[in-house]
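For what it's worth, UniProt numbering labels the leading residue of the sequence shown as 1, then goes sequentially. Where a beta carbon is used, it is the ideal one built from N, C-alpha and C, also for glycine.
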Amino acid sequence: MATLLRGMDTAAGHAAAATLQQGAADLESVAARLDAALAGFTWTGDDAERVRGEWAFTRRPQIVLAAEHLADLATRLEAEARAQDEASGAGAGAGTGGTAGAPGAAGGTPGADGRVPASAPGLLDRIGAWIGDRLTAGGAALGRFLGAGADLQGKILDVLTGERDWSAAAIAASALGAAGAGAGVVANLVTGEDQRWFAEGVGGIGDPVAVPLVETGLGDRVALEQPRSLDTIMQSVTDAYANGTADGSDGEVRIVRVDNGAGTPAYIVAVPGTETWSPGGGSAPRDLTANVALMAGNPTAAAESVRLAMERADIPADAPVLLVGHSQGGMITGHLAADEAFRERFNVTNMVTYGSPVDHLQVSGVNVLQMGHSFDPTPRLDLGGAGLPSPTGGQQVELPSPGSWYDVVGNHSHEAYIRSVHDALGAEGALGDRLRAYQSDASMLPFLVGPNGSATGVDVPVHRVPAGT
1 MATLLRGMDT
11 AAGHAAAATL
21 QQGAADLESV
31 AARLDAALAG
41 FTWTGDDAER
51 VRGEWAFTRR
61 PQIVLAAEHL
71 ADLATRLEAE
81 ARAQDEASGA
91 GAGAGTGGTA
101 GAPGAAGGTP
111 GADGRVPASA
121 PGLLDRIGAW
131 IGDRLTAGGA
141 ALGRFLGAGA
151 DLQGKILDVL
161 TGERDWSAAA
171 IAASALGAAG
181 AGAGVVANLV
191 TGEDQRWFAE
201 GVGGIGDPVA
211 VPLVETGLGD
221 RVALEQPRSL
231 DTIMQSVTDA
241 YANGTADGSD
251 GEVRIVRVDN
261 GAGTPAYIVA
271 VPGTETWSPG
281 GGSAPRDLTA
291 NVALMAGNPT
301 AAAESVRLAM
311 ERADIPADAP
321 VLLVGHSQGG
331 MITGHLAADE
341 AFRERFNVTN
351 MVTYGSPVDH
361 LQVSGVNVLQ
371 MGHSFDPTPR
381 LDLGGAGLPS
391 PTGGQQVELP
401 SPGSWYDVVG
411 NHSHEAYIRS
421 VHDALGAEGA
431 LGDRLRAYQS
441 DASMLPFLVG
451 PNGSATGVDV
461 PVHRVPAGT
């Protein structure tokens, strides 16, 4: 009876083992280059020690572990391929596997009709599939890790050569992104699936939905309160949070058109902050991945989706635009306002952020108001723009915290910020005077509904499209 041979394509197995081994070497090489990059320029102080310590004792060992996993898989795959080569040499011909009819063979024993019944894949087939899944998933994560490492190295070289002054926070965020992508290599090798840790994509939007007015109370979404003060302008961000976290939503941006009956209408673009903290770059664009990328000064689907939403809302090029955002939403608006190409398309005159680390952004020609609770650590995550010649500029207002110093969540709450601003606007004192002065500035008047004015709005769904799809 003829011998039926099945199993691994050993030539491909040897090649895959070599690829895995090279991937392990690449990881070790990148780790060594990052060692040299972090040690190769003058940076002293607590922040420097913290970043270098986290890299040496936490992040670098994760990359080394990923390299060891790849090397181990390469060794096992090479051993399987060699064993099948030896078995084929001792057998009847090319290929690998077992003899038809032999116990455990992939093909099984012919039945009465002479046909070989179908059966489950053999052990070697299953091993090959297991390794193949991890090779594919690990390769996807490895590509992201190498890209993140190159980004970090490029930023450090920019600072050393004077090409660009990156802030200390941007360099630290790039290092965190590289470490996270390295950890993603390990996660992919363990699971055999692409977990997309710290994987960005491109922004996408859905069809705008008209916002009901508070006066009518109609509709299945949070209604629009007419923007007549700074706190009611901030309310649109909270409303966008509520609508964007509903089942089936990946997030929304609320765009309010204010028409006071004379001249071009003005537009308020309200952007919520982080809506998911998963390290995997999923369909919701305002996530942990976007936080790290924004701090590092890199493109994000979160910012791109806001730009697309504004274009879909048909905002005229000469219409005054107010960008307002909480937490990551403020970072998004800051990155957009600092982008000359974006400013050429949209007439951004004002920006209001609260609970947002935006000191490291270089925004000029925009009337900026930055607000932060005294015990909210989030606005300070960019280290006050350390490493740059000057911070964002504009007015920086510290609000009294609603909770104790350890109440991180309460002090960062977007709703608590609205209450703080509302209370300050209605109270005497220097804080109220500063907020009232910004609110009554000529640049802000187009965004406040006057006696004969009105406001309408649309909610634009946003999402992330994974890179390569």
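Counting along the chain, no beta strand (DSSP E) covers His360, and no H or E run does either. Cα atoms of Asn188 and Glu86: separation of roughly 31 Å, rounded to the nearest angstrom. By the CB criterion at 8 Å, Leu70 and Leu20 fall inside the cutoff.
Under a 10 Å Cβ-count criterion, Gln22 is classified as exposed, with fewer than 16 other Cβ atoms of the shown protein chains found around its own Cβ. Setting aside the 5 residues that flank it on each side, Ala270 is surrounded in the same chain by Ser236, Val237, Ala240, Arg254, Val324, each with a C-beta closer than 6 Å to its C-beta; the list follows chain order.
In the three-state DSSP reduction, Ser283 falls in the coil class, being neither helix nor strand. Annotation for Gly403: Gly410, Asn411 place their beta carbon closer than 6 Å to its own, counting only its chain and skipping 5 residues before and after. Taken atom to atom, the span from the alpha-carbon of Arg434 to that of Gln396 is near 10 Å. Gly432 and Glu398 do not touch by the CB rule: their CB atoms are close to 13 Å apart, not below 8 Å. DSSP places Ala455 within a strand segment (E or B) once states are collapsed to three. Per DSSP, the continuous beta strand (DSSP E) segment holding Ala266 begins and ends at 266-271. By the Cβ rule, the region 451-468 counts as touching the region 202-209, because three or more pairs are nearer than 8 Å. In the three-state DSSP reduction, Ile315 falls in the coil class, being neither helix nor strand. If you compare the alpha carbons of Ile127, Ala430, Thr161, Gly182 with that of Gly280, the shortest gap goes to Gly182. Looking at Asp359, Asp318, Asp314, Gly355, the one whose alpha-carbon comes closest to that of His335 is Asp359.
Ala178 is positioned such that its CB atom lies closer than 8 Å to that of Leu34. About 26 Å separates the Cβ atoms of Gln84 and Thr191, ruling out a contact at the 8 Å cut-off. Counted as a single uninterrupted DSSP element, the beta strand (DSSP E) harbouring Arg254 occupies residues 252-259. Around the C-beta of Tyr406, fewer than 16 other C-beta atoms lie within 10 Å, and the residue is accordingly described as exposed.
Residues Gly192 of the same chain have their beta carbon placed closer than 8 Å to that of Trp130, with the five preceding and five following residues left out of the count.
Shown here, Met234 sits in a helix according to DSSP, grouped into three states. Scanning the region 150-219 from its first residue to its last, the whole beta strand (DSSP E) runs of 3-plus residues come out as 201-205.
For Tyr354, the secondary structure class from DSSP, reduced to helix, strand or coil, is strand. Of all C-beta pairs linking the region 134-147 to the region 244-252, fewer than three are shorter than 8 Å, placing the two stretches out of contact. Under the 10 Å beta carbon count, Arg345 is surrounded by fewer than 16 other beta carbons and is classified as exposed.
By the Cβ rule, the region 256-267 does not count as touching the region 166-174, because fewer than three pairs are nearer than 8 Å.
Scanning its chain for C-beta atoms nearer than 7 Å, with the 5 sequence neighbours on each side dropped, one finds around Pro316 the residues Thr264, in chain order.
Collapsing the DSSP output to three states places Arg82 in a helix. Contact between Thr349 and Val306 fails: their C-beta atoms lie close to 17 Å from each other, not under 8 Å.
Relative to Thr353, the option among Pro461, Leu230, Val460 whose CA is nearest is Leu230.
For the 8 Å CB-CB criterion, Val460 and Val211 do not form a contact. In the structure shown, the three-state DSSP call for Gln395 is strand.
Here DSSP, grouped into helix, strand and coil, assigns Gln22 to helix. In this structure Tyr438 is not in contact with Gly355, their Cβ atoms being roughly 17 Å apart against a cut-off of 8 Å. If you check the CB distance, Ala223 and Val209 do not come in under 8 Å. For the pair Glu80 and Ala25, the Cα-to-Cα distance works out to about 21 Å.
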